[in-house]
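4 protein chains.
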Amino acid sequence: MNRRSKKALRAELRREILAAALSVFSEKGFHGARMVDIARRAGVAVGTLYQFFSGKADLYQTLLEEVARRIHGRVLAVLRKEAPVLPLLREFLTVKLAALEENQDILGLHLREVWEARFQGVRARVLPELYEEYLSALGEVLSRLPHPLSSRPRLYAALVDGVIATAVVEALEGRSPFPTAKDLWPLLTRALIPEEEAHAP
Amino acid sequence: MNRRSKKALRAELRREILAAALSVFSEKGFHGARMVDIARRAGVAVGTLYQFFSGKADLYQTLLEEVARRIHGRVLAVLRKEAPVLPLLREFLTVKLAALEENQDILGLHLREVWEARFQGVRARVLPELYEEYLSALGEVLSRLPHPLSSRPRLYAALVDGVIATAVVEALEGRSPFPTAKDLWPLLTRALIPEEEAHAP
Amino acid sequence: MNRRSKKALRAELRREILAAALSVFSEKGFHGARMVDIARRAGVAVGTLYQFFSGKADLYQTLLEEVARRIHGRVLAVLRKEAPVLPLLREFLTVKLAALEENQDILGLHLREVWEARFQGVRARVLPELYEEYLSALGEVLSRLPHPLSSRPRLYAALVDGVIATAVVEALEGRSPFPTAKDLWPLLTRALIPEEEAHAP
Amino acid sequence: MNRRSKKALRAELRREILAAALSVFSEKGFHGARMVDIARRAGVAVGTLYQFFSGKADLYQTLLEEVARRIHGRVLAVLRKEAPVLPLLREFLTVKLAALEENQDILGLHLREVWEARFQGVRARVLPELYEEYLSALGEVLSRLPHPLSSRPRLYAALVDGVIATAVVEALEGRSPFPTAKDLWPLLTRALIPEEEAHAP
DNA sequence: GATGAATGAGTTTTCATTCAT
DNA sequence: TATGAATGAAAACTCATTCAT
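Residue numbers (my numbering), protein chains in the order written: chain A, 15 to 215; chain B, 15 to 215; chain C, 15 to 215; chain D, 15 to 215.
Now the structure itself:
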């Protein structure tokens, strides 16, 4: 076996470890996860984990960055395009849902961490910067809309993201099919509580 | 000291322990919280915790029930009233926000737990039944509205609750003032993305 | 049992732990010593060690300070007295030997550490300041003597201390009786190699 | 490459490994030294260490023997010469200091080991026999001197060796220049504490 | 009933040694 | 023969729980 494939095998092993860690952290959370479990699930010895990561915390942090990169990174690219706001938002929705669906493995950790990320003040957890960048970029796009929330882009972005996340979680738990852009777009362009119509007749 | 005041003192101590546990669990999560920290914050010895609760898990569970009772319970009462849907929803919003604002101490735990609760399938965590009841009841009310989501009351309720929670978290983190019913009502009765207006010339 | 004797018991336990640690460290050195051994020898559980000391390193450091205090401290008091140099040195010798003999338990560690202490440059080990103070004070006294080494008090002190230490080690290993001041005084006031006499006849 | 130079290269590699091991053991002691460090410092892979030595202990033991051979061995040869005692001692001093100075690389380990060697009883460490032989031989020579210590050759030798070692350590730490025979000879032929002269008016 | 020190099982982490390439 | 990644036994350290006072 040449050097090339050695490197490839090593990279593969690293990925397997990350996958195992992801699944254990997703199930048990940071404190509940045990290094032995991760090793066992990755099919390696405990010591091997320390060949790739300096410790449990490093493994977790790496995972968060991986998650952020795979999900937020891709979405950010869309949000930064020069385009009319509505088509842009529609594309954002499509890409975001695709990114979430294609990365169902990391969804649990992603959603959990996104939630935790909002409590920056309470917990001194390191929020992957990409998440903040994502919210900012989304907020900027949304601020171009004629809407009372436009003056508060952070809150506006949080709400839109919250609606998408909620729908995805419901799907993740098997209570509904995975949402498509076609499903969610009406949801965002309609009031949740249709006051006027309800008042009609 | 008579029997009466002894009992009162004991109840008071129990409450202090719960308050301390709440604040520690909110900061660190279940696994991250240490019994010594809880005891210290309550101003008692570790042993005392075991006079009132059978262990860490019991303490946590009790707390969740307390939270559920103080927040969901109160809201449930409103949702079960016989009343026209819109005024009912308006009252629900008022009471829910009041419950959240008056219990800012437990908000952290509440929100964290509500989030975790959605991952029932993934984690074998005991979800306080009240939360499910709350979502059901809210769904039932919402299903009376003429809205495409009406046929999926669970999802509909989750989305509405998600919007409220997101707004509250933003406030909790100091990024906006605590939302009032007056603030949020328009938010729920307006589309997040006003497609038509945006299309207007 | 009242508070007084509780404190006393605790202090007693602490002393037992230190004694156990001392004996294990003396036998195995810092790296070779295991916390379980120390605990076992002290008749306590491992966890108990951590009630008194923050870790292995702290335990070791404390021990060194203890050693320094019990040996150097007492000797320093003598060296700082105002007195004619020869009687002072004689008293120093008496007290130093007494201190060493009365603390045979810590001698191993003491001597080992004194030796290591000389390699400050090589190893970043924290030398208890008292040892340096002791050498300085001894050097100062010695510098009052008419001797070619008087101009290098540090070296002079090191040599005198080295001779005493060597004699004590020999005794410790059972190769000679524990030296008395009466034994060692002639040794210090006589040349080790009597050149003149040897040249005589 | 012919068989000759292959052998030479291999011997060279072995020497490099020993040099690296020496420097690491000198800095960290036996337990504190890690095989990876030794390998790294030698510029080879860990596995290579095991091609030359059966393990860490073997490496250490080999080193001690090397040290003994390079230092004690050379000195022993002198001490076994038939010659009048004083010139012999003078030559011993010259050779010993030369051996130490020329082998400053192994000095740390040498001194550390000599010191440890004295605690044979306490620690089950394998003392290189050569060191004992050296002390015996030195004692035998010293016993020819008219001196009260002559009847205790082991102690006498230990003291003389101790004085030399102390002076060398001081030099090693940069607190004085490396001692020459000319420096140390007077030191050994003079009392450390000149009682009579001090008494002189 | 309250205390808080002692406990030890359970975790993380280290590192000498092996072995496939 | 040299390599260095994988191994897993062994060590340090943590913390929920107990129990004597």
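Glycine is no exception: its CB is placed at the ideal position from the N, C-alpha and C atoms.
{"Item": "is_contact[D/Arg48, chain C] using C-beta, thresh 8 Å", "Value": "no"}
{"Item": "Any 3 or more C-beta pairs closer than 8 Å across the stretch 181 to 200 of chain A and the stretch 100 to 117 of chain A", "Value": "yes"}
{"Item": "Chain A contact for B/Phe43 (CB, 8 Å cutoff)", "Value": "The sequence shown places Gly at residue 43 of chain B, not Phe. Yes, contact with chain A."}
{"Item": "Residues bridged to C/Ala205 [DSSP beta-bridge criterion]", "Value": "D/Ala205"}
{"Item": "Buried/exposed call for A/Ala181, threshold 16 Cβ in 10 Å", "Value": "buried"}
{"Item": "Contacts around A/Ser19, its chain only, beta-carbon distance under 7 Å, and the 5 residues preceding and following it disregarded", "Value": "none"}
{"Item": "Nearest-angstrom beta carbon gap, C/Ala151 and C/Leu93 [assumed within contact, 8 Å]", "Value": "4 Å"}
{"Item": "Assigned exposure category for A/Ala22 - 16 Cβ within 10 Å defines buried", "Value": "exposed"}
{"Item": "Contact set between D/Ile52 and chain C, taken where Cβ atoms lie within less than 8 Å", "Value": "The premise fails here: D/Ile52 is roughly 15 Å from chain C at the closest Cβ pair, so nothing lies under 8 Å."}
{"Item": "Assumed close pair A/Leu73, A/Leu198 - CB separation to whole angstroms, cut-off 8 Å", "Value": "The Cβ separation is near 34 Å, so there is no contact."}
{"Item": "Chain D contact for C/Arg24 (CB, 8 Å cutoff)", "Value": "no"}
{"Item": "As assigned by DSSP and simplified to three states, the class of B/Ser68", "Value": "coil"}
{"Item": "Helix, strand or coil at A/Glu96 [DSSP, three-state]", "Value": "coil"}
{"Item": "N- and C-terminal bounds of the alpha helix (DSSP H) containing A/Glu187", "Value": "From DSSP, A/Glu187 is part of no alpha helix (DSSP H); its letter is neither H nor E."}
{"Item": "A/Ala47 - DSSP class collapsed to helix/strand/coil", "Value": "coil"}
{"Item": "Chain C contact for D/Ile207 (CB, 8 Å cutoff)", "Value": "yes"}
{"Item": "Residue closest to A/Lys70, alpha-carbon to alpha-carbon, out of A/Leu27, A/Val81 and A/Met49", "Value": "A/Met49"}
{"Item": "Contacts that C/Val177 makes with chain D (C-beta to C-beta distance below 9 Å)", "Value": "Leu173, Gly176, Val177, Thr180 and Leu206"}
{"Item": "Top-ranked residue by Cα proximity to A/Thr62, from A/Ala34, A/Glu96 and A/Glu105", "Value": "A/Ala34"}
{"Item": "Residue of A/Arg55, A/Lys42 and A/Leu36 minimising C-alpha distance to A/Glu79", "Value": "A/Leu36"}
{"Item": "Amino acids of chain A, ordered along the chain, whose beta-carbon sits closer than 9 Å to that of B/Pro162", "Value": "Pro200, Leu201 and Arg204"}
{"Item": "CB contact below 8 Å: B/Leu103 versus chain A", "Value": "yes"}
{"Item": "The alpha helix (DSSP H) enclosing A/Ser157, as first and last residue numbers", "Value": "Per DSSP, A/Ser157 belongs to no alpha helix (DSSP H) and is neither H nor E."}
{"Item": "A/Pro167, buried or exposed, once every other Cβ within 10 Å from all chains shown has been counted against 16", "Value": "buried"}
{"Item": "CB of D/Ser165 within 8 Å of CB of D/Leu156, strictly", "Value": "no"}
{"Item": "Same chain only: Cβ atoms within 8 Å of C/Val60, ignoring 5 sequence neighbours per side", "Value": "Met49, Val50 and Ala53"}
{"Item": "Closer than 7 Å at the beta carbon, the chain A residues around B/Arg166", "Value": "Ser190"}
{"Item": "Chain-ordered chain D contacts of C/Glu184 [CB-CB under 9 Å]", "Value": "Arg132, Arg166, Arg168, Leu169, Ala172 and Leu173"}
{"Item": "Contact residues within the stretch 66 to 79 of chain D, judged by C-beta distance below 9 Å to chain C", "Value": "none"}
{"Item": "Interface partners of D/Leu149 on chain C, CB under 7 Å", "Value": "Correct list: empty, because the minimum Cβ distance to chain C is about 11 Å."}
{"Item": "Cβ-based burial, B/Leu201 [other Cβ within 10 Å; buried from 16]", "Value": "buried"}
{"Item": "DSSP three-state assignment for C/Asp197, whether helix, strand or coil", "Value": "helix"}
{"Item": "Test: D/Leu159 CB closer than 8 Å to a CB of chain C", "Value": "yes"}
{"Item": "Beta-carbon spacing of B/Val99, A/Leu206 below 8 Å", "Value": "no"}
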